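Report on the structure given below.
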Amino acid sequence: MNTLSTIEDYQSLLSDLVKKQMVMLGPAVALTNARKISALTVAGDGSVTAISGDPQAALDALANQYMNLSGQIAQATLASLLEKYPQIKSQTSG
Amino acid sequence: MDITISLAAVTIIGTFSGIAGYFLMRSKYKRELAKGRSREAELATKVYETAVLKEIGERIGYSLDANKIIEIISGSLGQLLPYSTVSHMILKDDRISFVTNVNESVSHSFINDVRGKMLAALSEMLMEVKLDVDVDESISGAILDESGSLPVASFFNLPIVISGRLAGIINVASKTEGLYVGDDTAVLYRIAIGASEAVSRLQEVLEEEKGKLAAAVESLSDGVLMVDKNYQLIVANKKLRQLLGTIESPKIFDIVNALAGTFDLRIKMEEVMSGAEPVASFEIVLHDKVLAVSAARVSSQRRQKPIGLVVLFHDITDAKALEKLRQDFMAMMVHELRSPLTSIKSTVAMIKSAGVGTLGAEDLGKYLQNIASTSETMLDLVNDLLDVAKVEAGKFDIVCDRGDLGEVILERIESFKPQMAARGLLIEVDIEKDLPAAWFDKVRIKQVMNNLLSNAIKYTDAGTVKVLAAVEKVNGAPIDILVSVADTGIGIEADQADVLFSKFGQLESGRGHGELKSSGLGLYITKKIVEGVGGKIWVNSAGAGAGSTFFFTVPLAAGAKRDQAGQNLVVPQGQGLLKNFTTTKVGQ
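In the order they appear, the protein sequences are chains A and B. So the first sequence is numbered by this note's numbering: it starts at 1 and just counts up by one. So the second sequence is numbered by this note's numbering: it starts at 1001 and just counts up by one.
See the structure below:
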């Protein structure tokens, strides 16, 4: 059961991930791929404004989406972001 | 009336059905057409992806050049996407190269914007700020148009990762807004990942092979130095570091410094690299070692252009020492043979000048005796040389048979008694009673006894020569016969004991005895004979002036076994006959 604060953490982590990918891969590619995750609502600046369903599943899906594009680069980015959110783990981080 | 109404209704229904059918068919046709177009687009993307990956595979070969992958992907974009510029950034050491190809005329600020976005992406990917590093810029393609100042409206970046390391990124940018939002970019990411994986795999294989080669070079017994065409050190193996006495991971300057005073490595490398002297060979002396140095230019197989050079350092200290011993030995032999010849010639000249008829019988006998003994000395020298030649040619025959070793020893002692008496030496003999039959070559063992007894006499000015022979036992069981010849002579220093039995032993040990003529090969031949019959030989001495005792063993006849053919006899105890000898039994 995710608490409210944890969901906010997920939202913040997912927003950071999308924004970093916007710098790395370009805004169009990063946003297009983030918006393929139906559980996420993503604003034009990369902020994740809403998560429907399991946030962990959404995180894993987004991570996989980016890893399909940039492999180890996306994996390393996520790993560094997860350090800031010790309560969140990703199945794809390592 | 009813019929008319019915017909009208049928006609209307039929017409509507026809129209509905038409629209249904049209819709279906449109769906099929859309599906067909989608399949066509999918197929075209697949063909494009395959073609680009194939081209990458063909063009990169084994070069592992990330630049080529990036160039190929960049060059193929026109087939797929609209763009104004395609750029790439390559990371090499601490520098970044930025190359842009302009497809649609853009301004300089557009390109600066692209560069800024790529540096930002690079910084994010490396998690390290790269915004203020030196960037080598190159722009090609359409002419820049400074009149317009449209910014980058759409872009995307493709990272290229080789073996887990970011090699560079490709940027596609356009002045047009709203591009690159669909899945048309996905194929490029797949290509980039596919190419990265292929090259990474190739690199792993090459690294493994390189590792094997490096391990082989590292373990070579010669010192190996390899540099590239810019004289950057590639290899300095363990042996080289040992020979030069350098640190574990030397720089080229450490090696040049270590060789200072012998030759200028830098100049020699330049000569070889320039082709003035493609291969150079010379000798140097470094830290008391003589090294043969050879340097050769290495060229690429395909282009035949110099790609570096290799310098080999071969330690020839032992070979040089051996060569010197050979030369000294030759000089000594020539001298040893010349002396008796001169003596014979002088004696004959004296007889001739005096006239044979006028010389008294006593004088003539004395002169002839002198010639005979001098000839004997010469013959001994020549025989020793011949024996050594036979040993080295593998033709030194040892023919073993059952025999009484005690009898041979006593016979030899008897023949040396006059010499011992002449030098005032005493002789003590102790041969075990009922000594069992031994297995040996009588002629050769006589030669062994001759050598040991003559040495004992030669190197003893006063005292006693003792000869012992007894059965040697282990746990009460007889294993062989042990013979010893001891003297009270000049003795042997401990560090000289082993070299005595080598070919140039006398020269190495400095044991040569000025007034006593010999080849100095006696102990070498003696050792070969003893080992040939399956025995061992060694010497004990308490040091200079303390006398010495030579021991040798001879196998027992009872221990010798017939080999499978039943013709030859072999010696037991795993002592191993030397392959240089034949041990065929020729008589029973």
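Every residue, glycine too, gets a C-beta built ideally from N, C-alpha and C. All values derive from a computational prediction rather than experimental measurement.
For residue j and residue i, believed in contact at Cβ under 8 Å, the rounded distance
{"i": "I1160(B)", "j": "I1070(B)", "result": "6 Å"}
{"i": "L1381(B)", "j": "L1337(B)", "result": "6 Å"}
{"i": "L1521(B)", "j": "D1384(B)", "result": "4 Å"}
{"i": "V1129(B)", "j": "T1085(B)", "result": "Contact flag wrong, Cβ pair sits at about 24 Å."}
{"i": "F1552(B)", "j": "V1448(B)", "result": "7 Å"}
{"i": "G1491(B)", "j": "G1545(B)", "result": "5 Å"}
{"i": "G1589(B)", "j": "D1480(B)", "result": "No answer is possible for residue 1589(B): the residues shown for chain B start at 1001 and end at 1588."}
{"i": "I1351(B)", "j": "T1374(B)", "result": "Not a contact, Cβ separation roughly 14 Å."}
{"i": "V1272(B)", "j": "A1295(B)", "result": "5 Å"}
{"i": "F1155(B)", "j": "K1212(B)", "result": "Rounded, the Cβ-Cβ distance is 44 Å, inconsistent with contact."}
{"i": "M67(A)", "j": "G46(A)", "result": "No, M67(A) and G46(A) are not in contact; Cβ-Cβ is about 18 Å, not under 8 Å."}
{"i": "I1255(B)", "j": "Y1231(B)", "result": "I1255(B) to Y1231(B), Cβ: 11 Å. No contact."}
Residue i versus residue j - alpha carbon distance
{"i": "G1406(B)", "j": "I1431(B)", "result": "6 Å"}
{"i": "T1246(B)", "j": "I1445(B)", "result": "53 Å"}
{"i": "S1074(B)", "j": "I1090(B)", "result": "13 Å"}
{"i": "L78(A)", "j": "N1171(B)", "result": "22 Å"}
{"i": "A1437(B)", "j": "K1503(B)", "result": "31 Å"}
{"i": "K20(A)", "j": "P1250(B)", "result": "43 Å"}
{"i": "L1341(B)", "j": "L1556(B)", "result": "43 Å"}
{"i": "I1005(B)", "j": "G1021(B)", "result": "24 Å"}
{"i": "V1290(B)", "j": "T1317(B)", "result": "5 Å"}
{"i": "V42(A)", "j": "A28(A)", "result": "12 Å"}
{"i": "N1635(B)", "j": "I1139(B)", "result": "Lying before the first or after the last residue shown, residue 1635(B) is absent from chain B, which here runs from 1001 to 1588."}
{"i": "I1267(B)", "j": "S1281(B)", "result": "14 Å"}
{"i": "K1210(B)", "j": "K1092(B)", "result": "21 Å"}
{"i": "Q1304(B)", "j": "Q56(A)", "result": "59 Å"}
{"i": "Q1564(B)", "j": "G1547(B)", "result": "For Q1564(B), the predicted model reports a pLDDT of 38, less than 50, meaning its position is unreliable; a value from the coordinates is still stated below. Their Cα atoms are separated by approximately 45 Å."}
{"i": "H1335(B)", "j": "A1319(B)", "result": "24 Å"}
{"i": "C1400(B)", "j": "T1358(B)", "result": "52 Å"}
{"i": "D1363(B)", "j": "T1347(B)", "result": "11 Å"}
{"i": "G1355(B)", "j": "T1377(B)", "result": "26 Å"}
{"i": "S12(A)", "j": "Y85(A)", "result": "9 Å"}
{"i": "I1409(B)", "j": "D1397(B)", "result": "21 Å"}
Beta-bridge pairing of residue i - partner residues as DSSP gives them
{"i": "S1038(B)", "result": "For S1038(B), which the question treats as bridged, DSSP gives no partner whatsoever."}
{"i": "F1282(B)", "result": "V1293(B)"}
{"i": "K1466(B)", "result": "E1428(B) and A1486(B)"}
{"i": "V1224(B)", "result": "L1312(B)"}
{"i": "K1473(B)", "result": "P1478(B)"}
{"i": "S1438(B)", "result": "Residue identity differs from the one stated: residue 1438(B) is Ala in this sequence, not Ser. A1438(B) pairs with G1403(B) and L1556(B)."}
{"i": "E1137(B)", "result": "F1098(B)"}
{"i": "A1173(B)", "result": "T1085(B) and F1155(B)"}
{"i": "N1540(B)", "result": "T1549(B)"}
{"i": "R1190(B)", "result": "Paired residue(s): none; R1190(B) is not in a bridge."}
{"i": "V1235(B)", "result": "M1226(B)"}
Residue i and residue j closer than 8 Å at C-beta
{"i": "V1310(B)", "j": "V1187(B)", "result": "no"}
{"i": "L1286(B)", "j": "L1322(B)", "result": "no"}
{"i": "V1052(B)", "j": "S1076(B)", "result": "yes"}
{"i": "I1169(B)", "j": "A1121(B)", "result": "yes"}
{"i": "I7(A)", "j": "L1166(B)", "result": "no"}
{"i": "G26(A)", "j": "N1237(B)", "result": "no"}
{"i": "L59(A)", "j": "Y10(A)", "result": "yes"}
{"i": "V1388(B)", "j": "G1308(B)", "result": "no"}
{"i": "L1144(B)", "j": "P1082(B)", "result": "no"}
{"i": "S1107(B)", "j": "E1146(B)", "result": "yes"}
{"i": "F1127(B)", "j": "S52(A)", "result": "It is Met, not Phe, that sits at residue 1127(B) in the sequence shown. Cβ atoms of M1127(B) and S52(A): not closer than 8 Å."}
{"i": "A1469(B)", "j": "T1549(B)", "result": "no"}
{"i": "P1151(B)", "j": "K1229(B)", "result": "no"}
{"i": "D1184(B)", "j": "L1080(B)", "result": "yes"}
{"i": "V1539(B)", "j": "A1497(B)", "result": "yes"}
{"i": "T1464(B)", "j": "L1426(B)", "result": "yes"}
{"i": "L1482(B)", "j": "E1472(B)", "result": "yes"}
Burial state of residue i (16 or more Cβ within 10 Å)
{"i": "L1024(B)", "result": "exposed"}
{"i": "T49(A)", "result": "exposed"}
{"i": "L1043(B)", "result": "exposed"}
{"i": "Y1029(B)", "result": "exposed"}
{"i": "G1576(B)", "result": "The predicted position of G1576(B) is uncertain, since its pLDDT is 38 and thus under 50; a value taken from the coordinates is nonetheless stated next. By the 10 Å Cβ count, G1576(B) comes out exposed."}
{"i": "D1441(B)", "result": "buried"}
{"i": "S15(A)", "result": "buried"}
{"i": "T32(A)", "result": "buried"}
{"i": "L1516(B)", "result": "Confidence is the limiting factor: at L1516(B) the pLDDT is only 47, short of 50, which leaves the residue's position unreliable, though a coordinate-based value still follows. Exposed: under 16 other Cβ atoms inside 10 Å."}
{"i": "V1474(B)", "result": "exposed"}
{"i": "V1199(B)", "result": "buried"}
{"i": "K983(B)", "result": "No information on residue 983(B) is available, as it lies outside the stretch 1001 to 1588 that chain B covers here."}
Any non-hydrogen atom of the ligand PLP closer than 7 Å to residue i Cβ
{"i": "D1441(B)", "result": "Only the bare structure without any ligand can be found here, which leaves the ligand PLP out of the picture."}
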